[in-house]
């Protein structure tokens, strides 16, 4: 028996994927961002599968932490999890010439395109009529940039649509933090790629702060220390 555990009741509106479909492929970037999205879809009775394809995440230790935590949370809710390739060499190849671009610039568009292209292909090949992503729930991301990449990725396929739902609205961003603290998720301190890590550490140095330590900070740690 593979019954899914009940999610703690929260006053959420019922979600309605495009076309009334109830089968969705959720591209997930990490457990903190996807936690609220997952619980919201569970509460609406949506049949979804997680697709984890994030070759941008660097170094490998950071990638494994984020992926394994996402797997554990999916298993807790009996959600199917697709562990796609860590196609890091291809990512760096596509990022050539954009190494010094700022956050939300061309490199980020390339990165979203690459991940959505792979997710859209999987959705097409495995009968998922709807694709969505947890990427847009973070206030640090440009939602229009993400949604443009999502729509562009599904354009070649007549049988897949991109669901550009605003996961931040209705308290979604706040619940993302609440769930992360409840689950004691790993709290990543940069977007994910090597260049984001470089730039974040450069900023931290300018503020007199030490460089990021991989695998050290978790949601709720500060509150427990008080």
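In my numbering, the protein residues as written are 374 to 599. Think of the CB as a built atom: it goes at the ideal place given N, C-alpha and C, for glycine as much as any other residue.
Quiz item: Could you give the distance in angstroms between the alpha-carbon of residue 573 and the alpha-carbon of residue 580?
Solution: 11 Å
Quiz item: Roughly how many angstroms lie between the CA atoms of residue 482 and residue 450, to the nearest whole one?
Solution: 31 Å
Self-check item: Pairwise C-alpha distance: residue 448 and residue 375
Solution: With a pLDDT of 48 at residue 375, under the threshold of 50, the modelled position of this residue cannot be trusted; read the value that follows with caution. Straight-line Cα distance between these residues: approximately 11 Å.
Quiz item: Between residue 429 and the rest of its own chain, which residues show a CB-CB distance below 6 Å, the 5 nearest in sequence each way excluded?
Solution: 464, 484, 565 and 566
Exercise. Measure how close the beta-carbons of residue 533 and residue 584 come, nearest whole angstrom, since I'm counting them as under 8 Å.
Key: Residue 533 to residue 584, Cβ: 41 Å. No contact.
Quiz item: What does a CB cutoff of less than 7 Å around residue 554 pick up in its chain, not counting 5 residues either side in sequence?
Solution: 592 and 593
Exercise. Between the Cα of residue 541 and those of 559, 467, 527 and 517, spot the shortest distance and give me the residue it belongs to.
Key: 517
Practice problem: Give me whichever residues DSSP pairs with residue 570 in a beta bridge. | Solution: Bridge partners of residue 570: none, in fact.
Quiz item: Once you ignore the five residues that flank residue 387 on each side, which residues in its own chain have a CB closer than 6 Å to its CB?
Solution: 417
Quiz item: Just to confirm, are residue 425 and residue 456 a CB contact at a threshold of 9 Å?
Solution: yes
Practice problem: Please list the segments of the alpha helix (DSSP H) lying wholly inside the stretch 504-556, counting only runs of 4 or more residues, in order along the chain. | Solution: 516-527 and 545-556
Quiz item: When the distance is taken between beta carbons, is residue 493 closer than 9 Å to residue 535?
Solution: yes
Quiz item: Helix, strand or coil for residue 461 per DSSP?
Solution: helix
Practice problem: Could you pull out every residue in the same chain whose Cβ sits closer than 6 Å to the Cβ of residue 548, ignoring the five residues on either side in sequence? | Solution: 409
Practice problem: Leaving out five residues on either side along the sequence, give the residues of the same chain with a beta carbon under 8 Å from the beta carbon of residue 385. | Solution: 413, 416, 417 and 543
Quiz prompt | residue 504 vs residue 398 beta-carbon contact at 9 Å | solution = yes
Quiz item: Who are the near neighbours of residue 478 in its chain, counting only those whose CB is closer than 8 Å to its CB and skipping five residues on each side?
Solution: 471
Quiz item: Sorted by chain position, which residues of the same chain lie with C-beta nearer than 8 Å to residue 524's C-beta, five sequence neighbours on each side aside?
Solution: 535 and 537
Practice problem: Keeping to the same chain, check which residues put their C-beta closer than 7 Å to that of residue 590; ignore five residues upstream and five downstream. | Solution: 560 and 562
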